[in-house]
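Working notes, structure below.
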Amino acid sequence: MQTVHDPALLLARFQFAFTVGVHIIFPAFSIGLAAYLAVLEGLWLRTGRAVFLDLYRYWIKVFSIVFAMGVVSGLVMSYEFGTNWSVFARKAGPITGVLLSYEVMTAFFLEAGFLGVMLFGMNRVGRGLHFAATCCVSVGTLISMTWILSSNSWMQTPRGYAIDPATGRFMPADWLAIIFNPSFPFRLVHMGLAAFLSVAFIVGATGAWHMLGARRRGQAASEPVRVMFSMAMWMAAIVAPIQVMAGDAHGLNTLKYQPAKIAAMEGDWVSEDHAPELLFGIPNMKTERTDYAIRLPLAGSLILTHSVNGRVPGMKDFPPDQRPPSYVIFFTFRIMVALGMLMVAVGMWSLWLRRRGRLYDTPLFHRVALCMAPAGFLALLCGWITTEVGRQPWTVYGLLRTSDSVAPNALSSMAVSMTAFVVVYVLVFGSGIGMLVRLLSHAPHAGEHGTSPDHAPDILAARSHPAVIDPTHGEGA
120 MQTVHDPALL
130 LARFQFAFTV
140 GVHIIFPAFS
150 IGLAAYLAVL
160 EGLWLRTGRA
170 VFLDLYRYWI
180 KVFSIVFAMG
190 VVSGLVMSYE
200 FGTNWSVFAR
210 KAGPITGVLL
220 SYEVMTAFFL
230 EAGFLGVMLF
240 GMNRVGRGLH
250 FAATCCVSVG
260 TLISMTWILS
270 SNSWMQTPRG
280 YAIDPATGRF
290 MPADWLAIIF
300 NPSFPFRLVH
310 MGLAAFLSVA
320 FIVGATGAWH
330 MLGARRRGQA
340 ASEPVRVMFS
350 MAMWMAAIVA
360 PIQVMAGDAH
370 GLNTLKYQPA
380 KIAAMEGDWV
390 SEDHAPELLF
400 GIPNMKTERT
410 DYAIRLPLAG
420 SLILTHSVNG
430 RVPGMKDFPP
440 DQRPPSYVIF
450 FTFRIMVALG
460 MLMVAVGMWS
470 LWLRRRGRLY
480 DTPLFHRVAL
490 CMAPAGFLAL
500 LCGWITTEVG
510 RQPWTVYGLL
520 RTSDSVAPNA
530 LSSMAVSMTA
540 FVVVYVLVFG
550 SGIGMLVRLL
560 SHAPHAGEHG
570 TSPDHAPDIL
580 AARSHPAVID
590 PTHGEGA
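Using this note's numbering, you'd call the opening residue of the sequence shown number 120 and step up by one each time.
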């Protein structure tokens, strides 16, 4: 067993956090964008409006790159389970390994089977079949999310297991209890909405960028730009408030099953009724207090228990070696909430502007929407950090410690692999993100080309001479 502060253990944790943090962006992007593509193609088939087909062809190019980067970044983690977390894999593998294999056999096979038709079959199969392929890929991303979250949620709120006394392995006893563990439904909804919101703000920011560019040149924004901006703002206005309610329900579930995590998130040290909400502070794990605290009376109990008389747990209720590092999740939680509130505000502002007929000609709002481009993904990352760091010091909550889960690797080997990961990720994913930025820097237009091989010469030409297929080349704020 390694100690909590062992350098090799800390580096193994940081390496997995780094690879997961990079990876999670791309599946979330794929989930939201695949659903958006299915909606666009469905609207095109239903209405016959070419603008929806133009937007589909525009965003499917982005989807192809995002999906590829998601697959590549995800492969690394499966190897990390074996090399860095072999003890965890051996003990929890009978449950988590099976759940992850279900993801491969259902979601991955479904996506792989129809992705080629979706990307390259627009002019080769019937419209109905192509739409079915797009829907299958979208459903596949949702199924993938479901199995991944079921596995991760079981680590947060384990149920349906029996521990083999001879090996210490977690053996499945009730698969329904394992899959539908107490935190799973709440986390599934919360993550799904987060993916949709993240993509909505990327789409909205792209539209805002091109509307600002058109305005700067004294031109009207094209119809595809206006339509995608409008759709993104509808999504923000509808989904952001629902996400707040989903997050509240998730918080109540966490209070019930992981009270130490809630205490660390809130920076509370002593259990109390009529608890205040700490708007700001710096939790100090050594002195067991939160320094420089700014408190809002009664709000802590009201938010966490929906009653001003509710009792809120404190970290002193738990042994020191079972407390999550409050100095991390206290801040990530508040950043996530602040970004969520900003997304709600942007959605409400868009409704007000839409009602006044000013949605497309308010530059200040477009600049705000542009600045909000990364908001969804930043909130998602902060949420995952809060969830995973808040589970510490456990990999399987209350049952298997992180220090008992790591492989006995030397510090030197961990340092070399960590350095290699950082260098390779910066090169590979930096290049991929650069390609995405170049694609999005060109506005969608009538007659947009997709990913079909029939359009390959035009696309290649456009990389050198964008004006060949994009008369609005050069739009920018």
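Ideal Cβ placement from N, Cα and C applies to all residues, glycine included.
Asked                                                                                                                 : Found
Pairwise C-alpha distance: A131 and S205                                                                              : 12 Å
Entirely enclosed alpha helix (DSSP H) segments - the stretch 414-467, minimum 4 residues                             : 418-424
Closest by C-alpha distance to A157, when choosing among F228, T225 and L234                                          : L234
Integer Cβ distance of E160 from F239, believed to fall under 8 Å                                                     : At roughly 15 Å, the Cβ-Cβ gap does not stay under 8 Å, so E160 and F239 are not in contact.
Straight-line gap, P126 to T451 (C-alpha atoms, nearest Å)                                                            : 24 Å
CA nearest to the CA of M434, picked from T138, L546 and G386                                                         : G386
Straight-line gap, I454 to S272 (C-alpha atoms, nearest Å)                                                            : 22 Å
Among L129, H425, Y376 and W468, the one whose alpha carbon lies nearest that of E396                                 : H425
Member of R278, I282 and L307 whose CA lies at the smallest distance from the CA of W294                              : R278
Per DSSP, the bridge partner or partners of Y280                                                                      : P291
Residues near W266 in its chain [Cβ-Cβ closer than 8 Å; skip 5 each side]                                             : L218, L219, Y221, E222, T225 and A226
Status (buried if at least 16 other CB within 10 Å, exposed otherwise) for H584                                       : For H584, the predicted structure reports a pLDDT of 36, less than 50, and the residue's modelled location is therefore unreliable. A value from the coordinates is still provided. Exposed: under 16 other Cβ atoms inside 10 Å.
DSSP three-state assignment for H574, whether helix, strand or coil                                                   : Because H574 carries a pLDDT of 48, less than 50, the predicted location of this residue cannot be relied on, and the following value inherits that uncertainty. If DSSP states are grouped into helix, strand and coil, H574 belongs with the helices.
Neighbourhood of Q134 by C-beta distance below 8 Å, restricted to the same chain and skipping five residues each side : E199, N203, M533, S536, M537 and F540
Sub-9 Å separation of S341 and P563 beta-carbons                                                                      : yes
Touch test, the stretch 496-511 against the stretch 454-465, Cβ-Cβ under 8 Å, three pairs minimum                     : yes
Inside the stretch 482-521 only - beta strand (DSSP E) runs reaching at least 3 residues                              : 513-515
Length at least 3, wholly inside the stretch 332-360: the beta strand (DSSP E) runs in chain order                    : none
Runs of alpha helix (DSSP H) wholly within the stretch 201-235 (minimum 4 residues, chain order)                      : 205-222
Residues bridged to L397 [DSSP beta-bridge criterion]                                                                 : R414
Host alpha helix (DSSP H) of E407 (start-end)                                                                         : First-last for E407: undefined, no H or E at that position.
The stretch 360-369 / the stretch 298-310 touching (three or more Cβ pairs under 8 Å)                                 : yes
6 Å CB neighbourhood of A382 in its chain, flanking five on each side removed                                         : P432, G433 and M434
Buried versus exposed call for N428 [16 or more other C-beta atoms within 10 Å across all chains shown]               : exposed
Coil, strand or helix - P563 by DSSP                                                                                  : coil
Buried versus exposed call for M354 [16 or more other C-beta atoms within 10 Å across all chains shown]               : buried
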